[in-house]
Structures are given as structure tokens and as C-alpha cells.
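Undergrad: Okay, handing you the structure first.
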Amino acid sequence: MSAEAAAGHEVRVLGEDGKCADGTDDYRNERINIVIEDGKVIWASMY
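Each residue of the sequence shown is one higher than the last, beginning at 56 in our numbering.
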């Protein structure tokens, strides 16, 4: 289990290796949105 999940956060991948995933504009305090390049998180935001 990741540290984020253990803390009660949901992790959502919004993009990976130049490909964007569908996302919604709903605000959720417990969600962390991330973008991944070459297996590394290059961007993260909570909203």
C-alpha cells in the first residue's frame, strides 16, 4: 500500500508518457492527481 493510500488519499493518473487520461472537474480533498514520465511522477496536485 502506498503512503498516500494509507493516509486516505486516492491517487489518479491524469497522464503517462505523453498520453492524457480522461479526468473530471469534480473537487475531492482526498484525491491526488499525478502525471508520470518514464516511470517517475513529474507533476502532482491535490484538488
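Beta carbons are placed, not taken as given, at the ideal position from N, Cα and C, and that holds for glycine.
It should be emphasised that the depicted structure is a prediction, and the values quoted were computed from it without experimental measurement.
1. Measure the alpha-carbon distance for Asp77 versus Ile91 and round it to whole angstroms.
2. Taking 6 Å as the limit between beta carbons, can you name the residues of its chain near Ile65, skipping five residues before and five after?
3. Assuming Arg86 is part of the beta strand (DSSP E), what are its boundary residues?
4. Measure the alpha-carbon distance for Asp93 versus Asp72 and round it to whole angstroms.
TA: Here's the rundown:
1. Working through the sequence shown from its first residue, we reach residue 77 at position 22. Working through the sequence shown from its first residue, we reach residue 91 at position 36. In a straight line, the C-alpha of Asp77 is about 15 Å away from that of Ile91.
2. In the sequence shown, the residue the question calls residue 65 occupies position 10. Note that residue 65 corresponds to Glu in the displayed sequence, not to Ile. Once the five neighbours on either side are set aside, the close Cβ partners of Glu65 are Glu85, Arg86.
3. Here residue 86 refers to the residue found at position 31 when the sequence shown is read from its first residue. Boundaries of the beta strand (DSSP E) around Arg86: 86-92.
4. If you number the sequence shown from 1, residue 93 lands on position 38. If you number the sequence shown from 1, residue 72 lands on position 17. Rounded to whole angstroms, Asp93 to Asp72 spans 6 Å at the Cα level.
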